[in-house]
Amino acid sequence: MKRILIIEKHPLYRAEICRLLRFDKYQVLQAENGIEGLNLAREKHPDLILCDVEIPGLDGYKVLESLRADTTASKIPFVFLAGRIDVDSHSRAMKLGASAYLSKLVSPSELLRVIATKLK
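Counting along the sequence shown from 1, when you hit position 4 you're at 4 in full-length UniProt numbering, and nothing is skipped either side.
Shown next, in the form of structure tokens:
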């Protein structure tokens with residue numbers, strides 16, 4: 001069973017994503033801030049990370065940057081979930097090594113499709 005780490009500050013949104021992923025047979029790890037998420041990623045080695053851009057502690061960009069510099073975690077697919085999409089934010093994420101940059105308004109089916117694609 002593939003393991004996905006969700007780093008998201010909003011408990012209700014995080015819970016909704018967790019339900020969706022568990023229904024689709026993924027094991028789910030959760031963190032509510034960047035520091036907790038970074039520690040979980042290093043400790044549990046998830047198969048994929050879904051991360052909010054704007055999270056307390058370390059923002060999503062710093063989490064990604066730290067993971068890409070860590071040889072044990074540098075290859076984990078990293079998908080941003082953003083409250084707003086703009087060219088500069090998307091560009092910054094991709095330059096840091098993000099696998100995808102999605103709106104939080106993405107449909108459940110599209111989110112699952114992106115996850116399945118990135119896990120291949």
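Ideal Cβ positions, reconstructed from N, Cα and C, are used throughout, including at glycine. As the structure is a prediction and not an experimental result, all values here were calculated from the model.
Out of 118, 18 and 9, point me to the one whose CA is closest to residue 158's CA. Residue coverage of the chain in this structure runs from 1 to 120, which leaves residue 158 outside it and unanswerable.
What number of angstroms, rounded off, separates the C-alpha of residue 122 from the C-alpha of residue 32? Outside the displayed span of the chain (1 to 120) sits residue 122, for which this structure offers no information.
Taking the continuous alpha helix (DSSP H) assigned at residue 22, which residues delimit it? By one-based count along the sequence shown, residue 22 stands at place 22. Note, residue 22: alpha helix (DSSP H), 11–23.
Which whole-angstrom value describes the C-beta separation of residue 56 and residue 83, a residue pair presumed to lie in contact below a C-beta threshold of 8 Å? Along the sequence shown, read from residue 1 onward, the residue named residue 56 stands at position 56. Along the sequence shown, read from residue 1 onward, the residue named residue 83 stands at position 83. In fact, because the Cβ distance is near 14 Å, the residues do not count as touching under 8 Å.
Closest to residue 123 by CA distance: which of 97, 46, 101 and 3 is it? Outside the displayed span of the chain (1 to 120) sits residue 123, for which this structure offers no information.
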